[in-house]
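In order, the protein sequences belong to chains A and X. Mind the numbering: the first sequence is residues 51 to 662 in this note's numbering, read in order. Mind the numbering: the second sequence is residues 762 to 982 in this note's numbering, read in order. Inspection log for the structure reproduced underneath, given as structure tokens.
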Amino acid sequence: MNTQLERILPLVQKPARYTGGEYRQVVKDKAQVDVRVAFCFPDTYEIGMSNIGMRILYGIMNELPWAWCERVFAPWGDMEDQMRSHDIPLWALESGDPVRDFDLIAFSVGYEMSYSNILNMLRLAGLPLRSCDRHGLENLVFAGGTCMYNPEPLAPFLDFCSLGEGEDLTVEILELYRTAKAEGWSKERFLREIAQLPGVYVPSLYEHRYNPDGTLSEIVPLDGAPKTVTKRIVQNLDNAYYPTRGIVPSTEIVHDRINLEIFRGCIRACRFCQAGYCYRPVRSKSPEVLLRQARELVEDSGMNEITLSSLSTSDYKRLPELADGLLDYCTPRNINLSLPSLRADNFSDELMQKVQKVRKSGLTFAPEAGTQRLRDAINKNVTEEEILRSCTTAFAGGWSSVKLYFMLGLPTETEEDVLAIPELVQKVWECWRDNTPNRARGVRIHVSTAFFVPKPFTPFQWESQLDPEEYRRRVQLLRDAFRRSKSVVYDYHAPDLSRLEAILARGDRRIASVLERAVELGVKLDGWDEYFDYSKWLQAFADCGVDLDFYTTRPRSTGEILPWDSISVGVRKDYLASEREQAYRSRITPDCRTRCTGCGANTLYTEGPCDD
Amino acid sequence: MTRFLFCKEGSAVWISHLDLQRMFQRAFNRAGIAIAHTTGFNPHAYVAMALPLSVGIESQCEILDCRLADETISPQEAAERLNHAGFPAGIHILEGYESNRKLKEIGAIQARIGMDYDQAVPQGAAERIQTLLNGPTLVVPKHSKKKGMVDTDVRSLLLSAQVDAENPQTLTISARLCAGEPSLNPELLVRAVERYLPADAPDFYRIRRMEIYDQAGAVFR
Chain A
51 MNTQLERILP LVQKPARYTG GEYRQVVKDK AQVDVRVAFC FPDTYEIGMS NIGMRILYGI
111 MNELPWAWCE RVFAPWGDME DQMRSHDIPL WALESGDPVR DFDLIAFSVG YEMSYSNILN
171 MLRLAGLPLR SCDRHGLENL VFAGGTCMYN PEPLAPFLDF CSLGEGEDLT VEILELYRTA
231 KAEGWSKERF LREIAQLPGV YVPSLYEHRY NPDGTLSEIV PLDGAPKTVT KRIVQNLDNA
291 YYPTRGIVPS TEIVHDRINL EIFRGCIRAC RFCQAGYCYR PVRSKSPEVL LRQARELVED
351 SGMNEITLSS LSTSDYKRLP ELADGLLDYC TPRNINLSLP SLRADNFSDE LMQKVQKVRK
411 SGLTFAPEAG TQRLRDAINK NVTEEEILRS CTTAFAGGWS SVKLYFMLGL PTETEEDVLA
471 IPELVQKVWE CWRDNTPNRA RGVRIHVSTA FFVPKPFTPF QWESQLDPEE YRRRVQLLRD
531 AFRRSKSVVY DYHAPDLSRL EAILARGDRR IASVLERAVE LGVKLDGWDE YFDYSKWLQA
591 FADCGVDLDF YTTRPRSTGE ILPWDSISVG VRKDYLASER EQAYRSRITP DCRTRCTGCG
651 ANTLYTEGPC DD
Chain X
762 MTRFLFCKEG SAVWISHLDL QRMFQRAFNR AGIAIAHTTG FNPHAYVAMA LPLSVGIESQ
822 CEILDCRLAD ETISPQEAAE RLNHAGFPAG IHILEGYESN RKLKEIGAIQ ARIGMDYDQA
882 VPQGAAERIQ TLLNGPTLVV PKHSKKKGMV DTDVRSLLLS AQVDAENPQT LTISARLCAG
942 EPSLNPELLV RAVERYLPAD APDFYRIRRM EIYDQAGAVF R
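If you want it as structure tokens, here you go:
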């Protein structure tokens, strides 16, 4: 550890997150590797170390004997202050070397509100923010993750983007870089060549032209870049790398447990859900492989809690078999097993018994909307009956606390839909009253409402976001409705963050200067209440003369050229448009297991079929 | 009781006591060594660590006591298996052995404080600090459970202190300090220098716990 760092560590909170040295971190001899990657997660250590994607790619890159991938996280504010006052540039945990010494600087981006951290980390590393100001083959900055399906707000800062699942593509990128470095290519040549790799999007090779009204008039690919870049997927998850010998953090992180990914994609087609469309097609791992990996993970890490990870655990086809197998292994070893993301419509009594055997965790349902009409419009195929049936099971089983998640501002939402939320909550309460074995203990119903954010690559990608004032009015309706209830705890998201999220999610390249200005004004760690400063953001928009409403409340037609039109996640645009029409008619679309509705994602899955 | 003597240095000095306990629990699991648990409704593991170390301080003499569920595993074998299963950088078991001596018998520690001066050690600083530490009283702000930070005379808890110039930029204080109940945190000696000899206050210091003693002054194992 360098002495400068040693001197500032006593001055900051949670110093262990800045030192590296954890069990199973990968240390190589930098003189013996050809390519060094600084893998940056634009949030704190505790969040980043909980991210499966980061762990998978860290493992994959370090399997390459000629490459060394190290980790970098966003420092907390106190550490940033110390770094600035002691003139310490951002460093990587494994070697302690400055990020600016690395060949490749990779970001994993899963949340729009971490964009400011990306820029701030580049600043702390002492690197120019804009791609055009970084010359030469060193310090190439690229990014992957769900947010990169619309990378346009970050376009001027990133040299290239890696779209989709990175298991194979990351290796191809590193291989090409290795060749380029050995042969002394220019940065321009490298970007031209890498644009030919399927799944790589090079923003500088696409010219965005605008109409006088501010909408896009044309996107022109340059230098032979493909018109459309399609995301990559892993064909066979059973054979794919999974980090069973990963880092065990020495300090507590957010998800301080073994994370076992059971499948990718989601058979449901909730029309608001970006993950539901972007992670298609549905591919599962087999219980045999999962049980083997669970054993390896437990033995290698020494951790005693496993959580199953997917978009919807109860949709895993062979869940009973997997749950039995895992319980047989976990129970005698006192290992906790938790099954998050269970759906209200298939949360069975049997399954609950199984989970309960090990540990009674919280119970959460996400009906998302109060009326069946609106739930049908958003294709959240869960009925009131199913919710109440699941609640009956849970309350009769002794649960006395339940969380219910809703969204406000969904397309087609009316006052009637909003007021149906307290009605549903009332029924849940009655369900508790009629089924609980212990009425004296009382019940806690946590109701939470989020502000709907339209996302790219969903049927709602053309929708306007509700005006913040109208959102506040709808929140007030609910506050009034819940005021007198002792059993209900109601909390709601403030609209500011969701409004910015909506702008960044569907933003175009003109947002980049706002982002740059906001970071200049000191914006960082937007995902944290302690740091989120809406006024600075508004200042940045004003300084750049960018109208927020253009990106939020403005309705878009399905004919409009969207900033992310050069990118494909496999689901066709006309399919999304037809799903939008279905939403307007409150017509549901069956899940992929019931019937294939031909979204197009299956064409990526040459070794298919989907959901086999 | 199986006792392990281990070191905590390098980046591991920033691991807090609570995190260290969790780290050991996982290390035991990785090594396949089960710890005995109390019976009852809320079983807890028979594990204890002597004299929790402050974050930032290194040590070559940490003690962890535990009762192994499988009594056929010898302490030496357990130590070997734990080291083999692996720890974060800076943690290493030096020795595993059987011991019946109670942790309560611990009475003192030997600590080494290295004080760095970026320019150079001020002329006469070693002598002034030596005189300060040898004086009849040494009043420093000390944390008390009941009253918070209060000025306390800790002179009686400082059993001996030797100040030496290690190099032109570093002074070392080798101190024997009371440990257990009551105890004196070696950092308070630096606080005393900062308070009474501000011109001799170091730019940076690092502390290493060197040895543990029983109440009679013999090395505790």
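We put the CB at the ideal spot given by N, CA and C, even for glycine. As the structure is a prediction and not an experimental result, all values here were calculated from the model.
For residue i, count the other beta carbons within 10 Å of its own beta carbon; 16 or more makes it buried, fewer makes it exposed. Which is it?
i: residue 125 (chain A); result: buried
i: residue 634 (chain A); result: exposed
i: residue 330 (chain A); result: buried
i: residue 779 (chain X); result: exposed
i: residue 536 (chain A); result: exposed
i: residue 802 (chain X); result: exposed
i: residue 959 (chain X); result: exposed
i: residue 856 (chain X); result: exposed
i: residue 238 (chain A); result: exposed
i: residue 430 (chain A); result: buried
i: residue 268 (chain A); result: exposed
With a cut-off of 7 Å, does the C-beta of residue i fall near any C-beta of chain X?
i: residue 448 (chain A); result: no
i: residue 57 (chain A); result: yes
i: residue 142 (chain A); result: no
i: residue 301 (chain A); result: yes
i: residue 639 (chain A); result: no
i: residue 71 (chain A); result: yes
i: residue 344 (chain A); result: no
i: residue 271 (chain A); result: no
i: residue 65 (chain A); result: yes
i: residue 352 (chain A); result: yes
i: residue 60 (chain A); result: yes
Starting from the C-beta of residue i, find all residues in its chain whose C-beta is less than 7 Å away, skip the five residues before and the five after it, and write them out in chain order.
i: residue 513 (chain A); result: 461, 504
i: residue 521 (chain A); result: 458, 459, 501, 545
i: residue 565 (chain A); result: 165, 166, 169, 203
i: residue 891 (chain X); result: 924
i: residue 643 (chain A); result: 317, 661
i: residue 92 (chain A); result: 124, 157, 159, 164, 167, 168, 171
i: residue 424 (chain A); result: 460, 462, 463, 467
i: residue 307 (chain A); result: 353, 355, 356, 357
Going along the chain, which residues of its own chain have a beta-carbon closer than 8 Å to the beta-carbon of residue i, five neighbours each way excluded?
i: residue 618 (chain A); result: 278, 279, 280, 281
i: residue 963 (chain X); result: 876, 877, 878, 932, 951, 954
i: residue 409 (chain A); result: Its pLDDT being 47, under 50, residue 409 (chain A) is placed unreliably by the model, and the measurement read from it follows with that caveat. Excluding residues within five positions, the ones whose Cβ falls inside 8 Å are 386, 387, 388.
i: residue 850 (chain X); result: 771, 772, 773
i: residue 138 (chain A); result: 54, 55, 58, 132
Tell me, to the nearest whole angstrom, how far the beta carbon of residue i is from that of residue j; I am working on the premise that it is less than 8 Å.
i: residue 626 (chain A); j: residue 509 (chain A); result: 5 Å
i: residue 152 (chain A); j: residue 189 (chain A); result: 7 Å
i: residue 889 (chain X); j: residue 975 (chain X); result: Contact doesn't hold; Cβ gap of about 33 Å is too wide.
i: residue 822 (chain X); j: residue 766 (chain X); result: 6 Å
i: residue 497 (chain A); j: residue 451 (chain A); result: About 12 Å; that fails the 8 Å criterion.
i: residue 763 (chain X); j: residue 836 (chain X); result: 5 Å
i: residue 70 (chain A); j: residue 144 (chain A); result: 5 Å
i: residue 844 (chain X); j: residue 854 (chain X); result: 5 Å
i: residue 219 (chain A); j: residue 249 (chain A); result: 5 Å
For residue i, which residues in the same chain have their Cβ closer than 6 Å to its Cβ, ignoring the five residues on either side in sequence?
i: residue 799 (chain X); result: 805
i: residue 446 (chain A); result: 485
i: residue 680 (chain A); result: Nothing can be reported for residue 680 (chain A), as the shown portion of chain A is limited to 51 through 662.
Less than 7 Å between CB atoms is the rule here; does residue i satisfy it with respect to chain A?
i: residue 850 (chain X); result: yes
i: residue 946 (chain X); result: no
i: residue 790 (chain X); result: yes
i: residue 772 (chain X); result: yes
i: residue 762 (chain X); result: no
i: residue 801 (chain X); result: no
i: residue 965 (chain X); result: yes
Quick one: is the Cβ of residue i within less than 6 Å of any heavy atom of the ligand FMN?
i: residue 219 (chain A); result: Absence of the ligand FMN from the depicted structure is noted, as is the absence of any ligand whatsoever, leaving it without description.
Give a yes or no on contact between the region 551-563 of chain A and the region 592-608 of chain A, applying the rule of three or more CB pairs nearer than 8 Å. yes
Taking one C-beta from the region 307-323 of chain A and one from the region 259-275 of chain A each time, how about it: are there three or more such pairs within less than 8 Å? no
Given 8 Å as the limit, is there contact between the region 228-237 of chain A and the region 179-193 of chain A, that is, 3 or more CB pairs closer than that? yes
I want to know whether the region 932-943 of chain X touches the region 895-904 of chain X - three or more CB-CB distances under 8 Å. no
Quick test of the definition: if touching needs 3 or more C-beta pairs under 8 Å, does the region 82-89 of chain A touch the region 103-120 of chain A? yes
Determine contact between the region 863-873 of chain X and the region 963-972 of chain X, defined as no fewer than three beta-carbon pairs at a distance below 8 Å. yes
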